[in-house]
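Have a look at the structure below, then the notes.
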Amino acid sequence: MSHFPRPLRNQSVDPPTFLMTGIPGLEGKGLWLAIPFCSMYIVAIVGNFMVILVIAMAPSLHKPMYFFLSMLAVTELGVSISTFPTVLSVFLFDAREIGMDACLAQMFFIHCFSIMDSGVLWAMALDRFVAIYNPLQYGAILTNSRIATIGLGIATRSVVLMAPLPVLLRGLPFCRANILTHPYCLHPNLIRLPCADTTINNRCGLFVVLSTFGLDSLFIFLSYILIVKTVLGIASKEGRLKALNTCVSHISAVVVYYTPMIGLSMAHRFGRHAPPLLHSLMANIYLLVPPVLNPIIYSMKTKEIQKALFRILRFRPELHHGAW
């Protein structure tokens, strides 16, 4: 028995309905797939929420590095919350239909938070460069107001660049079976479905990718060139190792984020004849793995976060008196 509702008729009504899919070839294993997916979402949501909570409650962590880390946790929390409802509905309840407006709203938030994620990673690279290049003026350069301005700029850029994409899609006709290849709505998937010319949509999407992920990755790369140059100028070997050690967590976060993102982009643009399973796995890795791993990476590599987390979990009375 098929797990899909009957194929959609010629879409002459507006708005159309889309059909989400789970893992190709495993349509009958929805309940079993729900267990690992839900477990990963719980880890991602709880882990990032705990990072935000620990940084908010610990005055000793009210520093530029941790403020940027809390921004990263917020963006990854946003990505997880944006995709979780439809993933749960597909795998657990086999509810695969989603309306046009709900689909476009989900697409907007997924990509918005992903773009913010990329921007925050660049801001964290800048933070590491300032901390290593001029440690004595670190706090004076990255003041709270400047950090807030950077965060606001990252959020504004994401919203402004993403806003036209759902509007452009909303005006296109959909006149065939609108089957999505994921249990959520992504722009590269949606622009293949209209029965009209999508050249403008493709160009706008490419512009967004190049002006966000492209520029951010370039700035991260340039930041680390400057960091390496600065580190090589440190006289002592211990000093060089100590400086580089402060970048390990951020480098890990960059690798965890950009590797599946590049893989997903390549699969969408050049792997049109690749098995659907490849597209599905790449999308799930891109959206699920960074929110799951980054809280673990930073918690394991940052002793200050470990100490603050242990104090929260132990409910020590002095926490309420600010004795961190």
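The sequence shown begins at 36 in our numbering and counts up by one. Note that CB positions come from ideal geometry on N, CA and C, so glycine has one too. As the structure is a computational prediction, the values presented were derived from the model and not from experiment.
- Cβ-Cβ separation between L112 and F72: approximately 17 Å, too far for a contact (criterion under 8 Å).
- Here the alpha carbon of V89 sits roughly 19 Å from the alpha carbon of G186.
- The DSSP-derived three-state label of L54 is strand.
- Annotated three-state conformation of G134 is strand, per DSSP.
- Minimum Cα-Cα distance from T216 among the listed residues G57, A69, T52, C147 corresponds to G57.
- Taking C-beta separations shorter than 6 Å and ignoring five residues to either side along the sequence, the partners of I167 in its chain run I262, T265, A278, following chain order.
- The straight-line gap separating the alpha-carbon atoms of I255 and M55 is approximately 35 Å.
- Residue environment analysis places Q172 among the exposed positions, since fewer than 16 neighbouring C-beta atoms fall within 10 angstroms of its C-beta.
- Closest in C-alpha terms to L328, from the list G134, L221, G82, comes G82.
- By the neighbour-count definition (other C-beta atoms within 10 Å, threshold 16), M159 is a buried residue.
- Annotation: Y219 is outside any alpha helix (DSSP H) and is labelled neither H nor E by DSSP.
- Per DSSP, the continuous alpha helix (DSSP H) segment holding R349 begins and ends at 338–349.
- Going by beta carbons, R227 and P50 fall outside the 9 Å limit.
- Around the beta carbon of F128, fewer than 16 other beta carbons lie within 10 angstroms, which makes this residue exposed.
- In the pairwise beta carbon analysis, the segment 187–198 is classified as not touching the segment 208–215: fewer than three pairs are separated by under 8 Å.
- Within the segment 180–209, the alpha helix (DSSP H) runs of at least 4 residues that lie entirely inside it are, in chain order, 199–205.
- In this structure, the beta-carbon distance from N179 to F103 does not fall below 9 Å.
- Three or more Cβ pairs closer than 8 Å define a contact, and the segment 92–101 meets that threshold against the segment 338–350.
- Look at G268 here: in three-state DSSP terms it is coil, with no helix or strand label.
- P199 and P99 have their C-alpha atoms some 33 Å from each other.
- Assignment of beta strand (DSSP E) within the segment 293–335, counting only whole runs of 3 or more residues, yields no such run.
- Only buried fits A190, as 16 or more other CB atoms lie within 10 angstroms of its CB.
- Note on S153: 16 or more other CB atoms within 10 angstroms of its CB, so buried under the neighbour-count rule.
- For the options L276, R131, A137, Y76, the alpha carbon positioned closest to that of P330 is the one of Y76.
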